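Have a look at the structure below, then the notes.
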Amino acid sequence: MGRHLIMAGNLVDTDPELAYRHAQVALQRGGRVDVVREAAALTAYATGRYAEALREFRTVRRLGGSIEHLPLMADCERGLGRPERALAIAEEPDAKQLPQESAVEMRIVVAGARLDMGDAEAAHLILSRIAAPNDDLKVRVDEALVAVLRALGRDAEADELEASIPEPVDEELEEDIVLYDTAELPDPDQELADEDEDDDLDEAAAFDAEDGLTEAADDDEDDEDEDEDDESDSDIDFTDEDHGDEDRA
């Protein structure tokens with residue numbers, strides 16, 4: 270399971286579809302673990318599976334109480350064509366407690382929701398008031414602003430801003446990470462069934478040991494062996510007696 274989580278994390282930006290497949294294998298093996306559900310949510314979001322991603326993000330929130338993915342949950346609502354629900358998430362009390370970077374991400378989503386609803390002026394006002402804390406967020410704010418400027422018919426400004434946005438840098442995977450196709454993996458359902466069976470046997474043995482049932486079982490086996498010996502001896506005795514009766518006859 271762990272190696273699939275690693276692959277999902279390494280591939281989510283370069284090959285999100287393959288990352289999603291790795292996350293799904295991990296999900297089949299450890300669906301009750303919050304980090305596994307988080308990987309499933311992030312890779313589903315990266316591949317545009319917004320309904321699935323939203324469901325997984327909600328599960329992560331229930332399992333761990335985390336609020337860091339609220340901006341992505343709101344953006345999933347946008348992806349599903351429900352900008353009003355995105356705004357509702359942004360108005361939740363937990364959204365007011367977001368750290369600075371997540372708060373900026375939420376404001377970008379809110380601006381997008383306003384644009385979806387046809388209010389480009391409100392979207393422009395929201396974005397123009399954002400003070401991005403780092404270069405990555407600055408790029409995202411500018412990219413959102415380009416779309417808003419075009420919606421407002423201010424194409425010259427949009428072109429100028431777009432030209433100033435730096436090109437994304439491709440990140441190379443670490444050399445010790447080995448890529449493999451999930452289609453070549455064993456059936457995860459079968460592996461999970463085998464692991465559960467082994468776990469059940471181990472747990473049963475542990476419980477027996479705690480209750481002293483193992484020794485009792487050994488004693489029963491010894492008693493059974495003695496009974497078998499007694500039955501064997503009895504059979505021999507009865508046979509001898511029968512033969513004796515025949516001789517006397």
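Residue numbers for the sequence shown follow this note's numbering, beginning at 270 and rising by one. Beta carbons: idealized from backbone N, C-alpha and C, even for Gly. What you are looking at is a predicted structure, and each value in this text was computed from that prediction instead of being measured.
Other residues of its chain near residue i: CB distance less than 7 Å, five sequence neighbours each side excluded
i: E307; result: V329
i: A364; result: L339, I358 and M375
Sequence-distant residues of the same chain with beta carbon closer than 6 Å to residue i, five excluded per side
i: L274; result: A295 and A308
i: A391; result: R383
i: M270; result: A295, R298 and G299
i: L280; result: L287 and A288
i: L406; result: V373
i: A427; result: V415, L418 and R419
i: L421; result: A389
i: E453; result: At E453 the pLDDT is 44, less than 50, meaning the model places this residue with poor confidence; the figure from the coordinates comes in the next sentence. So no residue of the chain qualifies.
i: A292; result: A277, A308, A309 and T312
i: A393; result: Note that residue 393 is His in the sequence shown, not Ala. Correct list, in chain order: V417.
Top-ranked residue by Cα proximity to residue i, from the options
i: E360; options: A277, M375, R347 and E370; result: M375
i: V304; options: G334, V378 and D282; result: G334
i: V378; options: P362, A322, I434 and V410; result: V410
i: L418; options: H291, K407 and S397; result: S397
i: Q369; options: T283, L430, L421 and I399; result: I399
i: L430; options: E412, E337 and D404; result: E412
i: E321; options: R331, T283 and E346; result: E346
i: R331; options: A432, P435 and R301; result: R301
i: G348; options: M276, R318 and H393; result: R318
i: V408; options: R423, G422 and E436; result: E436
i: L367; options: I336, E325, L421 and H393; result: I336
i: D404; options: S433, L356 and H291; result: S433
i: I395; options: L356, E325 and R290; result: L356
Residues near residue i by beta carbon distance below 8 Å, same chain, minus five either side
i: G278; result: A288 and A308
i: P402; result: Q369, E370 and V373
i: D424; result: L418
i: E325; result: R306, E307, A309, A310 and A313
i: G387; result: none
i: R327; result: M342
Segment contact, 8 Å Cβ cut-off, at least three pairs: the region 312-324 with the region 335-350: yes
The region 374-385 in contact with the region 346-356 per 3-pair CB rule at 8 Å: yes
Within the region 288-359, ranges of the alpha helix (DSSP H) (whole runs, at least 4 residues): 303-315, 319-333, 339-348 and 352-359
Minimum length 4: unbroken alpha helix (DSSP H) runs contained in the region 359-443: 369-385, 389-397, 404-420 and 424-433
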